[in-house]
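Notes to accompany the following structure.
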Amino acid sequence: MNAENFGSSERLVAAAYVRQGAQGRRGHELLLRALLEQGKCPEDGWDESTIELFLHELAIMDSNNFLGNCGVGEREGRVASGLVARRHYRLIHGIGRSGDISAVQPKAAGSSLLNKLTNSVVLDIIKLAGVQTVTNCFVVPMATGMSLTLCFLTLRHKRPKAKYIIWPRIDQKSCFKSMITAGFEPVVIENVLEGDELRTDIEAVEAKIKALGAENILCVHSTTSCFAPRVPDRLEELAVICANYDIPHIVNNAYGVQSSKCMHLIKQGARVGRIDAFVQSLDKNFMVPVGGAIIAGFDASFIQEISKMYPGRASASPSLDVLITLLSLGASGYKQLLKERKEMFSYLSSGLKKLADTHNERLLDTPHNPISLAMSLKNLDENNDVAVTQLGSMLFTRQVSGASACQSITPASRYGSADSPDVSHGIRFAWMEEAGCSLPCCQHGRLHCPGLCAGAKKSHNHGKARVGRDLKDHLVPAPLPCMEMLPTRSRWPRPHPACRVPVAAGPAQDHTSQASMLQIRVLSFVAVILRVRSWSSTVC
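As numbered in UniProt numbering, the sequence shown has no gaps in its residue numbers, which increase by one up to the final residue, 540.
What follows is the structure, encoded as structure tokens:
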């Protein structure tokens, strides 16, 4: 309805009533105008009728919704199901063009405007969350792992001779595979144990850079958000090293936008050193369906280069979801959620501390990790070998998700005799969480993963595994007893009986005394990881 149509309406309805209706419409239009002019998240959230009006206005700007449109090409926004069309608000063309995911589509002005506005609003939210110096970002319809791969592939054109990525270890499969998929060799830097925390070994990172040569290193791949007892990497120190050696620095900030600590680390790292891009997940930080991520950085031209690396058009669904969410919440609503998450984490921490004390257990002291907690279950494990895994099952069946009950690695006798099946398969260790591995290498805290790592070849039929050059050089520094595989009826080879329990990397220590301290990777340590992921957690 425009002014002419409202004027025409006065012939059918009393002019006073029509003017009142026009004023109501004007209120919606003022909100839309402020968004278009400022490109920022509105301070107060919009009601659903305003959001739907806005989306319908965008949709009718796309050629597939033109009255009388006759599309004869192969991509004309055709949709067979009306339900699918309504699910996407008839925004069918997607975003970007074949050469740039951020480019404008001539046939889809509405979808292109949606894409530009979403990137602008998300940039505003990243600044609100703590990184005020960020200059550019864009939403990509891929999860965090593939988004990291896109960053690495972009850097390949800048550093064609580089083949290594320096990676302070974080046991998550997607992080590792993002580097392998891009065709690079991860150089794993083991963390050091400081109290209960696993922290970045800065000296080892710099030593490895000198050993490999800065020109041969694509980038340093660091991490902010992680599961206790791992804590965020020392981003400031890593950023300084990257600046000194002129090495790019990519940060995996998967669920760090919701954490002021993680965002502060990124801000400070960029201030004192070098951070080229940082990647965060949409679903973990903005409560939308899985399938999108944000790639942001401090050099607008480099972020633009990454967007141009994406081949072809892309789905607009992640952009649509996050824009609707942020318009619904508004800046004040999002800030309130950030505040509530902090309060919930503090409440959960104090509650678990009381629970641990009551049962003669211990909540690990990990002050540098603001989003994850770990609590020992030593007494439970000593009384019953299967009690820990039973606890994890009981939590899950009682609809408590996000908590992992992790059983320790014990002496080889626990795995059975040489003639018995391997019972280690299926046990999930705290330090192997989501690493895609079922074989622990029982020295130096390394992993032996015959299936995941580049260059590794395996033969399950004969129960043998040959470790490739990449794995041997970067994950396992020297031949170990567990490299010798014994025949087994299990699908996975079984560790050699000579293996012992894993220990934290670092100077030799008294393992018996360490066991009593309930530290990670030592005998009898069993932890339940309670992850405060989004905005709330429940303890049953």
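Quick reminder that beta carbons are idealized off the backbone N, C-alpha and C, glycines included.
Computed from a predicted model, the values in this text were never measured in an experiment.
Nearest candidate by alpha-carbon position, reference residue 96, set 379, 335, 398, 304: Per the Cα distances, 304.
task: Compare the beta carbon distance of residue 228 and residue 364 with 8 Å and say whether it is the shorter of the two.
output: Cβ atoms of residue 228 and residue 364: closer than 8 Å.
Short Cβ contact (8 Å threshold) for residue 41 with residue 296: No; because the gap between Cβ atoms is not below 8 Å, this pair is not in contact.
- prompt: Under three-state DSSP, which class holds residue 62?
  reply: Strand, per DSSP.
message: If contact is defined by three or more beta carbon pairs under 8 Å, each pair taking one atom from either stretch, is the stretch 95-110 in contact with the stretch 122-137?
response: Three or more beta-carbon pairs separated by less than 8 Å are not found between the stretch 122-137 and the stretch 95-110, which leaves the two stretches without contact.
message: Could you check whether residue 139 and residue 119 sit closer than 8 Å to each other, using their CB atoms as the reference points?
response: Cβ distance < 8 Å, so residue 119 and residue 139 count as in contact.
query: Do residue 144 and residue 244 come within 8 Å of each other at the CB atom, strictly closer than that value?
result: Judged by their CB atoms, residue 244 and residue 144 are not nearer to each other than the 8 Å cut-off.
task: Please look up how many angstroms separate the CB atoms of residue 197 and residue 240, rounded, as I've assumed it's under 8 Å.
output: Wrong, their Cβ atoms sit about 21 Å apart, outside the cutoff.
field: Other residues of its chain near residue 267: CB distance less than 8 Å, five sequence neighbours each side excluded
entry: Apart from sequence neighbours up to five positions away, the residues of its chain that approach residue 267 with a beta-carbon distance below 8 Å are 130, 131, 132, 133, ordered along the chain.
field: Pairwise C-alpha distance: residue 356 and residue 195
entry: The C-alpha of residue 356 is placed about 18 Å away from the C-alpha of residue 195.
- prompt: Straight-line CA distance for residue 116 to residue 141?
  reply: Whole-angstrom Cα-Cα distance: 14 Å.
query: Does the Cβ of residue 209 have 16 or more other Cβ atoms within 10 Å, making it buried, or fewer, making it exposed?
result: Looking at its Cβ environment, which holds 16 or more other Cβ atoms inside 10 Å, residue 209 is buried.
Exposure label - residue 249; buried when at least 16 CB within 10 Å: Burial call: buried.
task: State the DSSP-derived secondary structure class of residue 281, mapped to helix, strand or coil.
output: In this structure, residue 281 counts as strand in the three-state DSSP scheme.
task: Can you tell me which of 293, 336, 37, 123 puts its alpha carbon nearest to the alpha carbon of residue 44?
output: Answer by Cα proximity: 336.
message: As a quick exercise: from 187, 237, 176, pick the residue whose alpha carbon is nearest that of residue 149.
response: Ranking the options by Cα distance to residue 149, first place goes to 176.
task: Go ahead and label residue 314 buried or exposed: buried means 16 or more other beta carbons lie within 10 angstroms of its beta carbon, across all protein chains shown.
output: It counts as buried.
Completely contained beta strand (DSSP E) runs for the stretch 294-369, where each covers 3 or more residues: Fully enclosed beta strand (DSSP E) runs of no fewer than 3 residues are not present anywhere in the stretch 294-369.
task: Go through its chain and collect everything with a Cβ distance to residue 155's Cβ below 7 Å, but skip five positions before and after it.
output: The residues 218, 219, 248, in chain order, have a CB closer than 7 Å to that of residue 155 in the same chain once the five nearest residues on each side in sequence are set aside.
field: Backbone secondary structure at residue 405 - three-state DSSP
entry: Residue 405 carries a strand assignment under DSSP once its states are collapsed to helix, strand and coil.
query: By how many angstroms is the C-alpha of residue 285 removed from the C-alpha of residue 306?
result: Near 22 Å, if we compare the C-alpha coordinates of residue 285 and residue 306.
query: Residue range of the alpha helix (DSSP H) that residue 193 falls in?
result: Bounds of any alpha helix (DSSP H) do not take in residue 193; it lies within the beta strand (DSSP E) bounded by 192-194.
message: DSSP three-state label for residue 372, please.
response: Here residue 372 sits in strand by DSSP.
field: Residue range of the beta strand (DSSP E) that includes residue 251
entry: It spans 249-252 - the beta strand (DSSP E) in which residue 251 sits, taken as one unbroken run.
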